[in-house]
Amino acid sequence: MKIPFCSLAKSKFNPYSFSSNLATKATTPKEKSKITLKESDLMYLFKKCSNARDVTQLHAQIIRSGQNQTLFVIGKIIVFCAVSEQGDMGYAASVFENIESPDGFLWNTMIRGFSKNCKPVKAFEYYKIMQENGFLSDNFTLSFLLKACGQLGSVVLGQQMHCSALKHGLDSHEFVRSALIHMYGMVTDIETASQLFEEIPEPELVAWNIIIDCHVGCGKYKEALNLFLRMFASGIEPDEATILVTLSACSALAALDSGRWVHSCVDGTRLNGITTVSNSLINMYAKCGAVEEACELFNKMKGKNIISWNTMILALATHGHAKEALALFEKMFRDNLERPDDVTFLGVLCACSHGGMVDEGRRYFDIMCKEYHIKPTIRHYGCMVDILSRAGFVEEAYQLIRSMPMESNAIVWRTQLAACQLHGKVELGEKAWRYLSELEPDHSSDYVVLANMYASAGQWNEVQRVRKSMQDMGIQKSEPGKSFIGTDLDKRSDLGSVETCPHQGHQ
């Protein structure tokens with residue numbers, strides 16, 4: 001079976017380049033050429049494979065044993081390469097290309113692999129050739145293709161797949177229905193996703209998780225929390241995925257009472273103590289401003305990982321507890337509890353920025369680069385610009401921006417412009433403005449800051465010029481923002497108003 005857009009030469013691995021240490025102790029080429037392994041032997045050896053190199057060695061043995069056209073055997077290689085985290089779709093395609101008569105399962109596996117590895121176009125290329133070879137879609141095919149539609153963000157293609165599901169009577173299949181809901185959520189057609197969900201007589205946990213996640217992904221946080229409450233009332237017990245996505249909705253709304261209620265549902269269950277759940281709870285409390293509760297939970301955690309430390313450091317930093325954030329980092333650093341990563345240093349630099357700690361910021365930036373060999377991102381540079389600008393080191397901040405190995409963004413230049421206005425650095429402010437006007441020419445607040453900078457310097461002619469430019473370009477000052485913090489959910493569905501939780505008796 002030859003696939004025109006696949007080539008064995010593109011693969012990272014060559015099965016003929018490895019001598020197998022899994023299958024035999026033969027030492028000479030003549031001995032190795034006589035190797036013949038039964039199907040049961042190959043299946044036993046396959047269980048011993050833990051990485052791509054092992055699989056390529058086993059593939060070589062399959063070829064030597066004449067089993068390379070036995071679909072059950074060769075299919076194991078393709079499944080590993082397409083589905084495993086240690087796999088490789090290039091190698092899977094190379095193996096598949098040399099199968100004379102692949103069956104429907106192998107076609108589905110290839111489509112699944114490409115959709116899983118965010119290569120949706122390849123998934124549809126294989127689907128087209130699969131159809132040309134006389135294979136019909138089944139519930140698995142459509143489920144994998146619907147995921148690819150979501151990755152492409154194509155509503156039209158998704159609707160075509162939906163029609164195909166209806167045509168073949170697969171739209172009511174559990175896998176297909178869930179994939180349809182997820183696809184419509186990914187393309188932000190939340191109304192159709194909700195309609196499909198409501199048509200399910202008795203939704204299972206997977207369907208609930210998908211529809212809640214769809215609403216969160218579309219920014220419908222309040223509706224997501226209402227769905228969680230409905231699921232809870234229907235007697236469906238949440239799992240880890242449910243709690244994580246629901247807590248993200250609480251965080252986005254800063255709905256502290258709702259977050260506390262979700263926390264109460266976790267206490268006393270198998271979910272209590274799971275690191276990912278605890279990390280999400282810490283993040284939720286921090287986003288809701290309840291830093292003390294976040295600290296209390298962090299201190300009680302037994303299975304902390306780097307995400308736990310990063311979340312707590314950033315929580316302290318963003319809420320004005322700069323010294324505590326740095327002390328926590330020093331404890332992690334001193335006790336060698338976790339190796340800091342780029343996110344860790346982002347939290348540390350954020351703490352230095354909020355705490356006005358210029359020398360510490362410089363020192364930690366150097367430690368990150370020189371001791372941990374972490375390449376700074378635009379966000380790290382942005383923090384350093386903020387640290388320097390807040391403290392009045394505007395010229396140094398400007399030189400840092402100019403020395404960045406990547407193109408600076410509007411946020412960095414906006415920070416520089418605000419610092420120039422604050423510290424009366426008109427010439428540098430004009431330079432920052434020129435970059436901003438190229439990046440985001442219609443951003444009204446930049447004009448306001450520029451005008452205020454000129455006004456502070458007594459350059460009223462320039463103030464009038466800026467205002468006239470705004471009028472000529474039709475740019476108006478932005479209206480004041482509105483906050484929904486504290487509104488929580490309406491009384492009909494407020495998670496915080498629920499008096500009991502099915503697991504509270506275990507607390």
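Its first residue numbered 1, the sequence shown is counted upward by one per residue in UniProt numbering.
All residues carry an ideal CB built from backbone N, CA and C; glycine is no exception.
Because the structure is a prediction, the values reported are computed rather than measured.
Q) Is DSSP giving proline 120 helix, strand or coil here? A) helix
**Q.** Counted within 10 angstroms of its Cβ, other Cβ atoms place serine 444 as buried (16 or more) or exposed
**A.** exposed
Q. Which of helix, strand or coil does DSSP assign to lysine 425?
A. coil
Q: Counting only the same chain and skipping the five closest in sequence on each side, list residues whose C-beta sits under 6 angstroms from that of lysine 116.
A: none
Q. So, are the CB atoms of leucine 106 and isoleucine 78 less than 7 angstroms apart?
A. yes
Q: From the DSSP output, in three-state form, read off threonine 188 for me.
A: coil
Q: Provide the residue span of the alpha helix (DSSP H) that contains lysine 370, from first to last.
A: Premise fails: lysine 370 is in no alpha helix (DSSP H) and is neither H nor E.
**Q.** Minimum length 4: unbroken alpha helix (DSSP H) runs contained in the region 131-181
**A.** 139-152, 155-167
Q. Histidine 215: buried (16+ other C-beta within 10 angstroms of its C-beta) or exposed?
A. buried
Q: Counting only the same chain and skipping the five closest in sequence on each side, list residues whose C-beta sits under 8 angstroms from that of lysine 425.
A: Val394, Glu395, Ala419
Q: Give a yes or no on contact between the region 222-233 and the region 204-213, applying the rule of three or more CB pairs nearer than 8 angstroms.
A: yes
Q.
Within a Cβ cutoff of 6 angstroms, which residues of the same chain sit near leucine 388, ignoring the five residues on either side of it in sequence?
A. Glu396, Ala397
Q. Helix, strand or coil for threonine 269 per DSSP?
A. coil
(Q) By the three-class DSSP mapping on this structure, what secondary structure does serine 194 have? (A) helix
(Q) Judging by CA-CA distance, which residue of Tyr285, Glu407, Leu58, Asn305 is the nearest neighbour of glutamate 438? (A) Glu407
Q: Would you decide whether histidine 373 is buried or exposed? Buried here means 16 or more other CB atoms lie within 10 Å of its CB.
A: exposed
Q: Measure the Cβ-Cβ separation of valine 156 and valine 187 and say whether it is below 7 angstroms.
A: no
Q. Given cysteine 81, which residues of its chain have a CB within under 6 angstroms of its CB, disregarding the five upstream and five downstream residues?
A. Gly87, Asp88, Tyr91, Ala92
(Q) Am I right that methionine 161 and cysteine 149 are in contact with their C-beta atoms under 8 angstroms? What's the rounded C-beta distance? (A) 6 angstroms
Q. For the alpha helix (DSSP H) that contains aspartate 446, what are its first and last residues?
A. 444-456
Q) For the alpha helix (DSSP H) that threonine 311 lies in, which residues bound it at each end? A) 306-318
Q. Residue range of the alpha helix (DSSP H) that histidine 354 falls in?
A. 342-355
Q | Nearest-angstrom beta carbon gap, threonine 415 and glycine 382 [assumed within contact, 8 angstroms] | A | 7 angstroms
(Q) DSSP three-state label for alanine 52, please. (A) helix
Q) What number of angstroms, rounded off, separates the C-alpha of lysine 323 from the C-alpha of alanine 351? A) 8 angstroms
Q | Delimiting residues of the alpha helix (DSSP H) encompassing glutamine 471 | A | 460-473
Q | Close beta carbons around leucine 247, own chain, < 7 angstroms, minus the five adjacent residues each side | A | Gly259, Val262, Ser280, Leu281, Met284
Q: Go ahead and pull the three-state DSSP assignment for arginine 379.
A: helix
**Q.** Among Glu330, His380, His321, Pro238, the one whose alpha carbon lies nearest that of glycine 356
**A.** His321
Q: Please classify tryptophan 433: is it buried, with 16 or more other beta-carbons within 10 angstroms of its beta-carbon, or exposed?
A: buried
**Q.** Cβ-Cβ separation, serine 137 to histidine 173 (assumed contact under 8 angstroms), whole Å
**A.** About 11 angstroms; that fails the 8 angstroms criterion.
**Q.** histidine 354 to histidine 380 span [Cα, whole Å]
**A.** 14 angstroms
(Q) Measuring straight from C-alpha to C-alpha, what distance separates alanine 249 and lysine 222? (A) 7 angstroms
Q: Taking only the alpha-carbon atoms, compute the straight-line gap between leucine 428 and aspartate 267 and give it to the nearest angstrom.
A: 55 angstroms
Q: Count the other CB atoms, across all protein chains shown, that sit within 10 Å of the CB of arginine 177; report buried if there are 16 or more and exposed otherwise.
A: buried
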